[in-house]
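Chemist:
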Amino acid sequence: MMHKITIIGCGNMGLIYANSFLKYRIVNSDNLLLVEKNAERQVKLQAMNIGRVVTTTDQSIAGSDILILSVKPQDFIELAPGIKPHLKPSTIVLSIMAGIEISAIAKLLGHENIVRAMPNSPVEIGMGMTVFTASPSLTREDLLKVDNMLATTGRTLYVEKEQLLNAVTALSGSGPAYFFYFMQHLVKAGMEMGLDEHISSTLAKQTMLGAFHLINNASKPLDELIKAVASKGGTTEAALHTFQEQHMGETIVQALLNAEKRAGELSLKL
Ligand SMILES: NC(=O)c1ccc[n+]([C@@H]2O[C@H](COP(=O)([O-])OP(=O)(O)OC[C@H]3O[C@@H](n4cnc5c(N)ncnc54)[C@H](OP(=O)(O)O)[C@@H]3O)[C@@H](O)[C@H]2O)c1
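Residue numbers for the sequence shown follow my numbering, beginning at 816 and rising by one.
(1) Could you check which residue in S885, I920 and A1043 has the C-alpha nearest to that of S1082?
(2) Can you check whether the CB of T870 is closer than 8 Å to the CB of K899?
(3) Just reading off the beta strand (DSSP E) that I876 is part of, what are its end residues?
(4) For S918, report the span of its alpha helix (DSSP H) as first-last.
(5) At 4 residues or longer, what runs of the alpha helix (DSSP H) sit wholly inside the segment 985-1071?
(6) Does the Cβ-Cβ distance between I865 and N834 come in under 8 Å?
(7) For R840, which residues in the same chain have their Cβ closer than 7 Å to its Cβ, ignoring the five residues on either side in sequence?
(8) Alpha carbon to alpha carbon, how far is S1046 from L1037?
(9) At a cut-off of 7 Å, would you count D957 as near ligand 1, judging by its Cβ distance to the nearest heavy atom?
(10) Helix, strand or coil: how does DSSP classify G943 here?
(11) Which residues does DSSP list as the beta-bridge partners of T971?
(12) According to the Cβ coordinates, are M1008 and P934 closer than 8 Å?
(13) Report buried or exposed for H926, applying the criterion of at least 16 other Cβ atoms within 10 angstroms of its Cβ.
(14) Return the residue from the list T984, N1031, L849 and L837 that minimises the CA-CA distance to I883.
(15) In three-state DSSP terms, what is A932?
(16) In whole angstroms, give me the CA-to-CA distance for F1058 and G1064.
(17) Consult DSSP for S905 and reduce its assignment to one of helix, strand or coil.
(18) Using a threshold of 8 Å, state whether the C-beta atoms of F947 and T968 are closer than that.
(19) Just the C-alpha distance for K922 and L1085, rounded to the nearest angstrom, thanks.
(20) Return the Cβ separation of A1074 and A966 in integer angstroms, given the expectation that the two are a contact with Cβ distance under 8 Å.
(21) Short check: CB of T821 to CB of S879, under 8 Å?
(22) Nearest-angstrom Cα distance between P937 and H901?
(23) Alpha carbon to alpha carbon, what distance is there between M942 and L1071?
(24) With a threshold of 6 Å on Cβ separation, who are the neighbours of S910 within its own chain once the five nearest residues in sequence on each side are excluded?
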């Protein structure tokens, strides 16, 4: 039997999930309910004809087997009382809201079965990395069900300790921006050396892609991969020497630790 899925907050992420579930036949449009309060967005969703669109969390959400919370974290507190009376105990609540702890969701919804997931932006193209954790009440079958759903947007990993989601946020959650930043400076350097922007950008992108596949397929550790490119006294070594002189490695580690700390500071614990 097909599950009834409700997505509350059908902005960027909510819509990505709706489309990914439909694409992989996790749900059909008859069993998909989209709750969206933004009038402009509602019109867009109606026109897409991907599920039933409603404006508020009323009786219509009552039959949901899986209910996804994809509103902005700050909107959740106001939203929770409208969801609470309509949940059946077996409903799995899947939150992708950054920084709202399972205990806070459980308390605000008076509900036990909660999964908290941290996706990243490449979910948009099915290349995401999503890490999830769950309240102890979830069965193995529930966890596999959720995993199958999240995996429609890319890779998934389960972690037992919820606290680790702050590190996950700092690494895979924010990670795409770090690579864009690095890429931006590779392109800039290429242009400073006289390459046209399109050439510089193609070189940077293809190099990143090739390097990724080498990492993914090589059995060698990273420092050996680095050594294999950097011959003694050569060009790569000159660049790496500058990275070391400027403490770039330590800076990267410190940046992620700061992101992790910030994720902790922003967490809503109740
Ligand atoms: N974007 C990412 O890469 C990413 C990664 C990891 C986690 N997340 C999490 O994903 C969540 C959604 O992010 P997003 O980028 O998709 O945000 P978004 O585009 O702003 O989508 C949220 C949607 O929910 C609507 N909404 C707000 N309150 C509502 C309510 N009470 N009932 C129904 N709909 C409501 C919003 O309408 P209005 O515009 O009118 O407020 C908006 O259309 C956030 O909690 C974020 O932390 C995002």
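Note that the Cβ used here is the ideal one computed from N, Cα and C, for glycine as well.
Modeler: Let's see:
(1) I920
(2) no
(3) Where I876 is concerned, there is no enclosing beta strand (DSSP E), given that its DSSP letter is neither H nor E.
(4) I917 to L924
(5) 990-1007, 1012-1032, 1037-1044 and 1050-1060
(6) yes
(7) none
(8) 15 Å
(9) no
(10) strand
(11) T945
(12) no
(13) buried
(14) L849
(15) strand
(16) 7 Å
(17) coil
(18) no
(19) 7 Å
(20) Actually they do not touch by this definition, with Cβ atoms about 25 Å apart.
(21) yes
(22) 33 Å
(23) 22 Å
(24) L884, I920 and R931
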